[in-house]
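Asker: After the C-alpha cells below, expect a handful of questions from me.
2 protein chains.
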Amino acid sequence: MENIQVGDFNFQMDLSKPLYEQVLQQIRHAIARSDVPLGTKLPSVRELAQQLKINPNTVMRAYQELDRDHLTETRRGQGTFITSDLDTVKQVKMALASEAVLVFVSSMKKLGIDRPTAESLLKEVAWHE
Amino acid sequence: MENIQVGDFNFQMDLSKPLYEQVLQQIRHAIARSDVPLGTKLPSVRELAQQLKINPNTVMRAYQELDRDHLTETRRGQGTFITSDLDTVKQVKMALASEAVLVFVSSMKKLGIDRPTAESLLKEVAWHE
DNA sequence: TAAGTGTATTATATGAACTAATACACTTAG
DNA sequence: CTAAGTGTATTAGTTCATATAATACACTTA
Chain A
13 MENIQVGDFN FQMDLSKPLY EQVLQQIRHA IARSDVPLGT KLPSVRELAQ
63 QLKINPNTVM RAYQELDRDH LTETRRGQGT FITSDLDTVK QVKMALASEA
113 VLVFVSSMKK LGIDRPTAES LLKEVAWHE
Chain B
13 MENIQVGDFN FQMDLSKPLY EQVLQQIRHA IARSDVPLGT KLPSVRELAQ
63 QLKINPNTVM RAYQELDRDH LTETRRGQGT FITSDLDTVK QVKMALASEA
113 VLVFVSSMKK LGIDRPTAES LLKEVAWHE
C-alpha cells in the first residue's frame, strides 16, 4: 500500500491492474474530484516514470488517453496540462458516474436482486465521506 | 452476442474477460438467481467444453472454483452437482451483492460523489427487472 | 466391459503489458 | 545559440496469464 506523492498528485500502485490504467484512473479521478486546479501541469513523463519506478512508455500511454478524453492538453516541449474547460471535466465526471451506476445495476440484476433490495443494501453500508 | 444453451444453463461468451471466469460467473449467477433447482447436475466438463468450443481444462478451472466455494459438489465418475444446501447459496449470493455494493460506493467516492447524489443517480436509471 | 464421468500432467501457443534503449522534435531559460 | 527539459516514436525483447493440445489415469454405472 505504498503511497507516492508526485507534484500535486497521489499514487497508490499495485499489481492488480495494468500500470498504465492505474496511472490513468488516478489522475482522472483527481481531476474529477477537483483535487487539483484546472490548468495544472502534470508531472513530466520522465519524472513520473522515475518516481513510480515504471517505464516512460507506460506513463505516456496513460497521458495519451487523458488527451483523447480532452481532460488534458499536451503542448510539445512544455508538458501536459489539465484542461481549463470546466464543462469537459463535469462531463467526464458524469460519464464515469453513470458507468459506475450501470455496472452496479447490472451486478444486481445478474444476482436477481430487485431495486428496493439493492437500495436498502446500499443504505446499510457505511460511507465515510 | 451469441447465446449458447447447454443443459439448463445459458452462456454468453465474449473476449473481454478470461473464459474460465465467464463460465464461473455465469454458472454462479444462475445458481444465485435460482434459475436452476438445487442439486442440478452441471454439464460434463467435456460436453460444456465442446458446446462452448473451449478447452476442457478451461471448464475444469471454473468448476473447481465453484467447488471451492461449496456451490457445487463433485462426485468422481458421476459429475458436478449444485449444492443442495440453500444456506450456502444464500450466503454466496449475499457476499456477491455486498461486494458489488462496496465496489459502487468506492467508485462514487473516488469521483468525490456523496451519498445523496449517488442515491439520486441510482434512482434516475431504468431498472427493467 | 464399455461409456461416461472428473483429474492430472506436460508441452506449447498467444497476446497484453511492460521494459529497454535510442533517436527525434519542440520550447524555453540562460 | 545552446543546453536542458519537454513530448513522441520506433524497435526489440521480456514476462506472465490465459488458453490450447494431447494423453493418461481413476472412478461410476448401465
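In order, the protein sequences belong to chains A and B. Taken in order, the first sequence gives residues 13 to 141; the numbers are from the working numbering. Taken in order, the second sequence gives residues 13 to 141; the numbers are from the working numbering. Note that beta-carbon positions come from the ideal geometry of N, C-alpha and C, so glycine has one too. Keep in mind that this is a model prediction, so the values were computed, not measured.
Does the CB of residue 29/B have a neighbour CB from chain A at under 7 Å?
Answerer: Taking the second sequence and counting its residues from 1, the one referred to as residue 29/B is at position 17. Taking Cβ atoms only, chain A never reaches closer than 7 Å to residue 29/B, which makes this a no.
Asker: Mind pulling the alpha helix (DSSP H) runs of 4 or more residues that sit fully within the region 22-60 of chain A?
Answerer: The qualifying runs are 31-44.
Asker: Can you check whether the C-beta of residue 116/A is within less than 7 Å of a C-beta belonging to chain B?
Answerer: Here residue 116/A refers to the residue found at position 104 when the first sequence is read from its first residue. With 7 Å as the cut-off, residue 116/A counts as an interface residue toward chain B.
Asker: Say whether the region 79-92 of chain A touches the region 40-53 of chain A, bearing in mind that this needs 3 or more beta-carbon pairs closer than 8 Å, one atom from each stretch.
Answerer: Flag = yes, the region 79-92 of chain A and the region 40-53 of chain A touch.
Asker: So with Cβ pairs under 7 Å, would you call residue 122/B a contact of chain A?
Answerer: By one-based count along the second sequence, residue 122/B stands at place 110. By this cut-off, residue 122/B is an interface position.
Asker: Going straight from the alpha carbon of residue 56/B to that of residue 39/A, what length do you get?
Answerer: For this step, residue 56/B is matched to residue 44 along the second sequence. For this step, residue 39/A is matched to residue 27 along the first sequence. The alpha-carbon atoms of residue 56/B and residue 39/A are separated by roughly 47 Å.
Asker: Can you look up residue 73/B in the DSSP assignment and give me helix, strand or coil?
Answerer: For this step, residue 73/B is matched to residue 61 along the second sequence. Reduced to three states, the DSSP call for residue 73/B is helix.
Asker: Given a threshold of 16 other Cβ atoms within 10 Å of its Cβ, counted over all protein chains shown, does residue 137/A qualify as buried or as exposed?
Answerer: Along the first sequence, read from residue 1 onward, the residue named residue 137/A stands at position 125. Its Cβ having fewer than 16 others within 10 Å, residue 137/A is exposed.
Asker: Taking the continuous alpha helix (DSSP H) assigned at residue 101/A, which residues delimit it?
Answerer: For this step, residue 101/A is matched to residue 89 along the first sequence. Run containing residue 101/A: 98-122, per the alpha helix (DSSP H) assignment.
Asker: With a 10 Å radius around its C-beta and 16 neighbouring C-beta atoms as the bar for buried, classify residue 119/A as buried or exposed.
Answerer: Taking the first residue of the first sequence as 1, we reach residue 119/A at position 107. Buried: at least 16 other Cβ atoms inside 10 Å.
Asker: At a CB-CB cut-off below 9 Å, which residues of chain A make contact with residue 105/B?
Answerer: Indexing the second sequence from 1 puts residue 105/B at position 93. The answer, in chain order, is 123, 124 and 125.
Asker: Would you kindly work out how many angstroms separate the C-alpha atoms of residue 73/B and residue 131/A, rounded to a whole number?
Answerer: Taking the second sequence and counting its residues from 1, the one referred to as residue 73/B is at position 61. Taking the first sequence and counting its residues from 1, the one referred to as residue 131/A is at position 119. The alpha-carbon atoms of residue 73/B and residue 131/A are separated by roughly 34 Å.
Asker: Looking at C-alpha atoms only, which residue of 125/A, 102/A, 141/A and 134/A is the closest neighbour of residue 47/B?
Answerer: One-based indexing of the second sequence puts residue 47/B at position 35. The shortest Cα separation from residue 47/B among 125/A, 102/A, 141/A and 134/A belongs to 125/A.
Asker: Measure the C-alpha to C-alpha separation of residue 101/B and residue 108/B and round it to an integer number of angstroms.
Answerer: Mapped onto the second sequence, residue 101/B falls at position 89. Mapped onto the second sequence, residue 108/B falls at position 96. Near 11 Å, if we compare the C-alpha coordinates of residue 108/B and residue 101/B.
Asker: Which residues of chain A have a Cβ atom closer than 7 Å to the Cβ of residue 101/B, listed in chain order?
Answerer: Stepping through the second sequence from its first residue, residue 101/B is reached at position 89. Those within 7 Å of residue 101/B in chain A number zero; the least Cβ separation is about 11 Å.
Asker: Which chain A residues sit within Cβ distance under 7 Å of residue 113/B?
Answerer: As a working mapping, residue 113/B is identified with position 101 in the second sequence. Under the 7 Å cutoff, chain A gives 133, 134 and 137.
Asker: If you draw a straight line from the alpha carbon of residue 105/B to that of residue 123/A, how long is it in whole angstroms?
Answerer: For this step, residue 105/B is matched to residue 93 along the second sequence. For this step, residue 123/A is matched to residue 111 along the first sequence. Answer to the nearest angstrom: the Cα atoms are 7 Å apart.
Asker: Could you name the residues that DSSP lists as bridge partners for residue 66/B?
Answerer: One-based indexing of the second sequence puts residue 66/B at position 54. According to DSSP, residue 66/B bridges with nothing at all.
Asker: For a contact meaning CB atoms closer than 9 Å, what does residue 78/A contact in chain B?
Answerer: Taking the first sequence and counting its residues from 1, one reaches residue 78/A at position 66. Ordered by position in chain B, no residue passes the 9 Å Cβ test against residue 78/A, which lies about 16 Å from the chain.
Asker: Mind pulling the chain A residues with CB within less than 7 Å of residue 119/B?
Answerer: Start at 1 with the first residue of the second sequence, and residue 119/B comes out as number 107. What residue 119/B touches in chain A: 112.
Asker: Spatial neighbours of residue 36/A within its chain, please: C-beta separation below 6 Å, excluding the five flanking residues on both sides.
Answerer: As a position in the first sequence, residue 36/A is number 24, starting the count at 1. Once the five neighbours on either side are set aside, the close Cβ partners of residue 36/A are 74 and 77.
Asker: Do residue 94/B and residue 64/B have their CB atoms nearer than 7 Å?
Answerer: On the second sequence, residue 94/B is found 82 positions in, with the first residue counted as 1. On the second sequence, residue 64/B is found 52 positions in, with the first residue counted as 1. Going by C-beta atoms, residue 94/B is not nearer than 7 Å to residue 64/B.
Asker: What did DSSP end up calling residue 14/A once you bin it into helix, strand or coil?
Answerer: Along the first sequence, read from residue 1 onward, the residue named residue 14/A stands at position 2. Of the three classes helix, strand and coil, the one that applies to residue 14/A here is coil, per DSSP.
Asker: With DSSP as the reference, please indicate the residues paired to residue 94/A in a beta bridge.
Answerer: Counted from its first residue, the first sequence places residue 94/A at position 82. 84/A.
Asker: Take the Cβ of residue 24/A as the centre, count every other Cβ of all protein chains shown within 10 Å, and call the residue buried at 16 or more, exposed below.
Answerer: Counted from its first residue, the first sequence places residue 24/A at position 12. Residue 24/A should be labelled exposed.
Asker: List, in chain order, every chain A residue whose beta-carbon is nearer than 8 Å to that of residue 141/B.
Answerer: Numbered from 1 along the second sequence, position 129 holds the residue referred to as residue 141/B. By Cβ distance, chain A contributes 121, 126 and 127.
Asker: List the residues of chain B that residue 109/A touches, going by C-beta distances under 9 Å, in chain order.
Answerer: The sequence position of residue 109/A within the first sequence is 97, counting from 1. Ordered by position in chain B, the residues that pass the 9 Å Cβ test against residue 109/A are 119, 120, 123, 125, 129, 130 and 133.
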